[in-house]
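Below you'll find the structure, written out as structure tokens, and then a few comments.
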Amino acid sequence: GSYTGTLRPQVHFSPPREFMNDPNGMFKDAKGVWHLYYQYNPTDTVAGNQHWGHATSKDLYHWVNQPIALFPDKKGDGIFSGSAVIDVNNTSGFFTDQKDGVVAIYTLNTDQEQTQEIAYSKDGGYSFTKYANNPVISINSTQFRDPKVIWHAPTSRWVMVIAYVQEYSIGIYTSPNLKDWTHASNFSHRGLLGLQYECPNLVPIPMQGTTEQFHLLAISVNPGAPLGGSTTQYFPGHFNGTHFTPVDDAARLADFGKDNYAGQFFFGTPDNEPPVGIAWASNWEYSQVVPTGPLEDWRSSMALPRVYELANATRRPFQLISKPYDLTPLHTSQLVPPNSPTANATVRVDYSHIPSGALHFRASISHIPTANAAGTANFTIYSSSFSSTDESLRGGFFLAASADTLFWLDRSRAARRFPDNPFFTDKFSTSTPIRDSGVWSLEAVFDRSILDVFLDDGVQTATLTCFPDARLDVLEWATEGLNEGVEVSVEAWG
Ligand code: FRU
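Here it is in structure tokens:
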């Protein structure tokens with residue numbers, strides 16, 4: 004595969020060629036290498052013929068493609084989504100004299116049934132052997148999939164969450180050895196139903212600024228998202244080894260854009276640290292028709308890797324906070340001269356000379372008055388080869404006097420390569436109340452055809468794909484009408 008196309012992300016993972024969807028089997032090994040597997044059709048730019056592709060990285064931004072890890076045995080079968088664990092104590096009995104045995108737990112999709120299977124790897128996750136006595140769970144259903152397994156230390160057991168897809172139910176199973184599974188409970192009909200529950204994840208998660216631990220249950224919903232197609236909802240709560248109890252009955256969504264789905268958390272990071280996750284940056288409404296297929300022979304990238312916590316944000320109790328995973332490996336140069344930006348001014352950053360074409364920027368506004376706040380702050384990312392912003396990706400916010408800060412994103416002018424698709428809706432918005440501290444921030448990474456936005460230190464986030472004709476390589480950040488005394492700073496790296 005060539006990674007040189009105009010639309011090819013450089014610091015977000017995308018497959019060498021053909022079609023990718025969900026991240027699968029993600030784990031961090033004892034040497035510090037991150038393993039990403041993914042739903043992969045190696046023979047077409049649409050879904051079908053599902054395999055597990057594989058890539059590794061030392062920093063989550065620069066990836067090395069590895070040989071395909073799991074293949075279907077029969078034509079027509081698919082290796083669907085699932086997870087992987089490191090079986091340090093050899094509970095499975097697959098390993099002798101090694102602490103780095105890997106077991107993958109996935110759904111085998113046939114035209115008869117969806118069953119849960121396992122495969123083991125003695126070489127640290129590079130090649131797998133399917134277990135001879137598969138399946139390990141079979142309930143005679145065609146809609147039962149996406150096992151995600153974690154190690155639950157307090158009960159010394161493996162715990163699986165899995166979707167009874169069209170029953171709006173998540174099953175919780177336990178096992179001592181990854182082979183024998185016992186059904187423990189169901190978590191059903193909660194929050195948003197949509198038309199299907201897919202790709203559940205259960206993970207320990209800290210409450211920001213405390214030593215309190217919670218569990219997060221994330222459920223992907225597709226189709227039937229409020230914005231159309233695919234979305235992710237989550238439930239903060241407590242898990243006792245067999246049952247998950249949410250803190251309340253609220254429905255909460257992970258992202259206010261349309262391109263963040265089927266996310267998964269890495270196995271192998273410490274339980275008492277914020278979990279790290281990656282989601283698929285697309286939406287089943289249009290993932291199989293986006294223009295990178297005919298233009299560059301690949302479809303879909305992953306969203307930025309993120310670190311997750313819970314926080315009691317302003318008027319948002321138990322909010323999922325997500326921040327980009329350490330971005331310093333992306334920084335080759337600081338693009339905004341120190342002390343250049345001021346309030347009610349425009350900062351222009353031309354980053355066309357940056358080889359990766361990837362931009363990281365952070366803007367923060369401080370000393371915002373709690374009463375009568377006013378003004379706007381907008382960013383525009385456009386092309387140095389045109390003198391106009393006719394082709395651009397834009398966003399910004401209103402610091403309203405009485406209402407909460409309103410934030411908007413607009414990809415309508417960054418879709419020349421993908422015009423007229425009715426599902427590729429182009430405007431998104433959210434609100435983030437201004438904190439008592441009077442500080443508001445925006446952080447974003449733009450990488451050719453994907454933008455990840457983090458508002459107010461990760462209280463609200465959005466992932467957005469776009470398909471411009473030209474490479475967008477100039478950033479403009481403009482503030483106007485801000486109250487006297489309000490301070491603005493912007494930093495950018497490429
Ligand atoms: C989610 C999903 C999963 C399934 C996989 C198939 O995007 O539909 O439920 O395992 O994709 O590729």
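Going from the sequence shown to the working numbering is simple: count from 1 and add 3.
Beta carbons: idealized from backbone N, C-alpha and C, even for Gly.
Note that the coordinates shown come from a computational prediction; the quantities given were computed from them, not determined experimentally.
Residue i: which of the options sits nearest, CA to CA?
i      : options                           : result
Ala58  : Ile142, Met305, Asn275 and Glu120 : Met305
Gln236 : Ile222, Thr145 and His246         : Ile222
Asp353 : Ser336, Thr335, Ala366 and Ser387 : Ser387
Asp450 : Leu10, Asp47 and Arg20            : Leu10
Glu446 : Arg438, Leu454 and Leu458         : Leu458
Gly488 : Ala346, Thr379 and Pro18          : Ala346
Tyr328 : Phe268, Pro341, Gly127 and Gly81  : Phe268
Ala314 : Leu330, Gly240, Gly8 and Pro75    : Gly240
Val456 : Gly260, Ile153 and Leu298         : Gly260
Glu215 : Gln169, Glu276, Thr272 and Gly271 : Glu276
Tyr64  : Leu330, Glu120, Gln337 and Pro249 : Leu330
Pro273 : Ser130, Pro209 and Ser303         : Pro209
Val339 : Asn136, Ala495 and Ile153         : Ala495
Tyr425 : Glu120, Arg309, Tyr289 and Tyr171 : According to the sequence displayed, residue 425 carries Pro and not Tyr. Closest by alpha carbon: Tyr289.
Val509 : Glu201, Asp62 and Pro203          : No answer is possible for residue 509: the residues shown for the chain start at 4 and end at 497.
Arg416 : Gly85, Leu230 and Thr428          : Thr428
Gln115 : Ser390, Phe470, Asp80 and Phe389  : Asp80
Gly85  : Pro203, Lys34 and Ser172          : Pro203
Ala284 : Pro12, Thr46 and Thr99            : Pro12
Ile142 : Tyr176, Trp154, Lys430 and Ile153 : Tyr176
Residue i and residue j look like a contact to me (Cβ under 8 Å); what is the Cβ gap, rounded to whole Å?
i      : j      : result
Ala265 : Ala282 : 6 Å
Gly244 : Thr185 : The pair is not a contact, with the Cβ atoms about 12 Å apart (cut-off 8 Å).
Ala377 : Leu485 : 7 Å
Phe270 : Val88  : 5 Å
Asn68  : Gln42  : About 15 Å; that fails the 8 Å criterion.
Phe421 : Pro341 : Going by Cβ atoms, the distance from Phe421 to Pro341 rounds to 39 Å, so no, they are not a contact pair.
Val105 : Ser124 : 4 Å
Asp407 : Thr373 : That belief does not hold up - the Cβ atoms of Asp407 and Thr373 are roughly 12 Å apart, past 8 Å.
Glu201 : Ala166 : 5 Å
Leu298 : Gly8   : 7 Å
So, residue i versus residue j, is the Cβ gap smaller than 9 Å?
i      : j      : result
Asn189 : Gly232 : no
Lys151 : Met163 : yes
Ser432 : Trp411 : yes
Val14  : Leu333 : yes
Phe74  : Gly51  : no
Ala366 : Leu402 : no
Trp301 : Pro19  : yes
Val262 : Thr468 : It is Asp, not Val, that sits at residue 262 in the sequence shown. Result yes, Cβ atoms of Asp262 and Thr468 sit closer than 9 Å.
Phe382 : Trp480 : yes
Ser369 : Val493 : no
Thr317 : Val462 : yes
Gly497 : Ser390 : no
Asp251 : Pro320 : yes
Give me, in chain order, the residues of the same chain whose beta-carbon lies closer than 7 Å to that of residue i; leave out the 5 immediate sequence neighbours on both sides.
i      : result
Tyr385 : Thr392, Glu394, Ser395, Leu475 and Val477
Gln211 : Glu312, Leu313, Ala314 and Ile324
Val91  : Lys102
Ala122 : Leu73, Ala107, Phe131, Thr132, Lys133 and Tyr134
Asn93  : Gly104
Gln169 : Gln146 and Gln199
Glu483 : Asn347, Gly378 and Thr379
Starting from the C-beta of residue i, find all residues in its chain whose C-beta is less than 8 Å away, skip the five residues before and the five after it, and write them out in chain order.
i      : result
Gly227 : Leu195, Leu196, Gly197, Leu198 and Gln199
Gln117 : Phe83, Thr110, Leu111, Ser144, Thr145, Gln146, Phe147 and Arg148
Trp66  : Phe16, Leu39, Ala58, Thr59 and Ser60
Ser355 : Ser387, Arg474, Asp476 and Val477
Asn1   : The first residue shown for the chain is 4 and the last is 497, placing residue 1 beyond what the model contains.
Ser343 : Val350
Gly4   : Pro18, Pro19, Arg20, Asn68, Asp300 and Trp301
Arg419 : Glu394, Phe470, Pro471 and Asp472
Glu120 : Ile108, Tyr109, Thr110, Leu111, Lys133, Tyr134, Asn137, Pro138 and Val139
Arg438 : Thr317 and Asp459
Counting only the same chain and skipping the five closest in sequence on each side, list residues whose C-beta sits under 6 Å from that of residue i.
i      : result
Leu307 : Pro327, Val448 and Asp455
Trp55  : Asn27, Tyr40, Ala72, Leu73 and Ile82
His38  : Phe30, Thr59 and Gly128
Gly296 : Thr48 and Arg302
Ser178 : Trp161 and Trp184
Phe238 : Leu220 and Pro249
Ignoring anything shorter than 3 residues, give me the beta strand (DSSP E) runs that lie fully in the region 260-323, in order along the chain. Scanning the region 260-323 from its first residue to its last, the whole beta strand (DSSP E) runs of 3-plus residues come out as 264-268, 279-283 and 309-316.
Can you give, in chain order, each stretch of the beta strand (DSSP E) that sits fully within the region 382-457 and has at least 3 residues? 395-401, 408-413, 430-435 and 443-450
Residue ranges of each beta strand (DSSP E) within the region 229-261, 3 or longer: 234-242 and 247-249
Any residues whose CB sits closer than 6 Å to a heavy atom of ligand 2? List them in chain order? The model on display carries ligand 1 but not ligand 2.
Which complete beta strand (DSSP E) runs does the region 157-209 hold, if anything under 3 residues is left out? 160-167, 172-178, 185-191 and 200-209
Scan the region 327-373 and note each continuous alpha helix (DSSP H) run of 4 residues or more that stays entirely inside, going in chain order. none
3-residue-minimum beta strand (DSSP E) runs that sit fully inside the region 44-112, ordered along the chain: 54-60, 66-73, 81-89 and 105-112
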